[in-house]
Every structure is written in C-alpha cells, then in structure tokens.
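Asks:
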Amino acid sequence: MAIALTTLVGEADAFLNASRISDYCPNGLQVEGRPQVSRIVSGVTASQELIEAAIEAEADVLLVHHGYFWKGENPCVTGMKQRRLKALLANEISLLAYHLPLDVHPEVGNNVQLARQLGIVVEGPLEPENPRTVGLVGSLEEPMSAQDFARHVQQVLGREPLLIEGEGLIRRVGWCTGGGQGYIDTAVAAGVDLYLTGEASEQTFHSARENGLSFIAAGHHATERYGVQALGDYLARRFALEHLFIDCPNPV
C-alpha cells in the first residue's frame, strides 16, 4: 500500500505537535523525494552510512531524529552536506526529521521509550515548573546499587556506560536522552538518586561527586534509538506501510 508523502508528513507533524515546539532545526520534511510512500526506513542520524542503507533498502522516506540545517551551521551545500543531499535527491528519498518533538512526546518520545526499555516508572517532568522541560523523573520497582543499575543499562543498551557512583541505593532516577548532561544540577534539585543521560562534560564529574549523586552517561546514540523506532512503527500501523529501523552503531 502507498500513501501520499503529504499525508504522511501531515500525520507525523500533527502527532508530534511539531509546529508548537521551538527547536534548533526545522522539524518535519527537510528533503522532498517521490510523492508516494510505501516504505519507511528509520534511524537515529541522517549520516551517509544510513542514507546508503536506506537506498539499499529501497526506502521512500528516511525518518530520523538528527537531520540537517541546524541553527548556526554553515549553510553552504558543500563537502559532506553536498554528498548527503545528492544521494537523497538522486534516489528521490524524502528526509523526515524530528528533534525536540521526538524527545518530549509522551507516547513515542525518546525519554518515555528509554524508560520502558530500562523499566523505570515515569512520575513526571524533571522541571515541573518549566513547560519546555525535556527530561523526566521516575522510580525503579526495586531499589538497586548504582553498579547494578549500570550493569542493567549495559545489558539493555548493549554499550558499557560511564558510571560515577554516588551515595546509597538507587530508587528515584532522573534522565534526559542525548546530550543532556547540562541538566545534572536540575537533577540534584529534583532529589533523585541517579541522573542518566547520553554524554558527559568535564564538570559533570564534579557536580555528581560533590552532590553525592550517581551519574551515568550511556551514549548519545544509544539512548536515542527508541523514539524514532516507535514513531516509525506508529506511522507504519497508521497507514499500513513497511517500516525498517536500521541501526548504524555510534560509540558516542
């Protein structure tokens, strides 16, 4: 079965409420390909590797979390950007990208989906008074040590995380997928036992150690694989389309 590209984009935009979320890049259709869609390939980042895999899979749409045209970047279509766009356009593959709308969505969002993977019960936002907050807080069904939780994260995500061990058992967790290490002081204020995100900065160590907070950096890519899969599955069910998630491993 095939549907119009405009129908697919309209559904995704509306489902994610994309037009109402201010972001660092355009959300939605970034590159227009063929007008009809029957097969979606999804992945985390629209890298050359993922584009080539989508071409091989005969995708009509490439659905990603990290697309193109970020604020502040060089707008010239040269080098890596030229090669990526040339491959998409030559093969008439549309690029559909959602950044913050995919992070915060309550059903298919990266943060909610990561919680489901790790068995964390979502309790609410990391910043209750901030309507733009991205992170969440929640609890484990059974308390465990920071080392045991880190081993659990490694088993689920297939990647050894960076652990800074704090004080006591882990009962309440704060998290923000991707590059959310800047929220660590917010996590301290929220009173969680452990804060998990994708990356770490030099000062992250000191904030965690001096506040007695356990911290895990589990990988930007590794923590953001699940939202785009869930969105692709939703769209495939909605319109009876084919959907294939392709993971291009990234150690960062």
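If you read the sequence shown in my numbering, its first letter stands for residue 201, the second for the next number, and so on.
Even glycine gets a Cβ: it sits at the ideal position worked out from N, Cα and C.
Remember, it's a predicted structure, so these values are computed and weren't measured experimentally.
1. Report yes if the C-beta distance between Pro235 and Thr206 is below 9 Å; otherwise report no.
2. Mapping DSSP to helix, strand and coil, what is Ile446?
3. State the DSSP-derived secondary structure class of Gly395, mapped to helix, strand or coil.
4. Going by the DSSP bridge assignment, what does Met344 pair with across the sheet?
5. Between the region 368-375 and the region 283-298, do three or more beta carbon pairs fall short of 8 Å?
6. Consult DSSP for Phe405 and reduce its assignment to one of helix, strand or coil.
7. If you measure between the beta carbons of Val241 and Leu250, is that distance less than 9 Å?
8. Could you name the residues that DSSP lists as bridge partners for Trp375?
9. Roughly how many angstroms lie between the CA atoms of Pro343 and Val356, to the nearest whole one?
10. To which residues does DSSP link Phe415 through a beta bridge?
11. Return the CA-CA distance between Gln354 and Ala418, expressed in angstroms with no decimal places.
12. Is the Cβ-Cβ distance between Gly380 and Gly398 less than 9 Å?
13. Buried or exposed: which applies to Cys276, given that a residue is buried once 16 or more other Cβ atoms fall within 10 Å of its Cβ?
14. So, are the CB atoms of Leu362 and Ala400 less than 9 Å apart?
15. Between Leu288 and Ala254, what straight-line distance do the alpha-carbon atoms span, to the nearest angstrom?
16. Look at the alpha carbon of Lys271 and the alpha carbon of Ser222, and state the distance between them as a whole number of angstroms.
17. Taking the alpha-carbon of Leu263 as reference, which of Pro449, Glu327, His352, Arg425 has the nearest alpha-carbon?
18. Taking DSSP as the reference, what is the three-state secondary structure of Pro301?
19. Take Pro306 and list the residues in its own chain whose beta-carbon comes closer than 7 Å to its own, dropping the five residues that flank it on each side.
20. What residue from Pro449, Pro451, Ala436 has the CA that sits closest to Ala259's CA?
21. For Val452 and Leu413, which I take to be in contact (beta-carbon distance under 8 Å), what is that distance rounded to the nearest angstrom?
22. When burial is assigned at 16 or more other CB atoms within 10 Å of the CB, is Glu329 buried or exposed?
23. Buried or exposed, going by whether 16 or more other CB atoms sit within 10 Å of the CB of Ser345?
24. Looking at the structure shown, is Leu431 part of a helix, part of a strand, or coil, going by DSSP?
Replies: Judging by the given coordinates:
1. yes
2. coil
3. The residue you asked about is not Gly; residue 395 is Tyr in the sequence shown. Strand, per DSSP.
4. Ile370
5. no
6. helix
7. yes
8. Leu336, Leu396
9. 18 Å
10. Ile364, Tyr395
11. 8 Å
12. yes
13. exposed
14. yes
15. 9 Å
16. 12 Å
17. Arg425
18. helix
19. Val312
20. Ala436
21. Not really, about 23 Å apart at Cβ, beyond 8 Å.
22. exposed
23. exposed
24. helix
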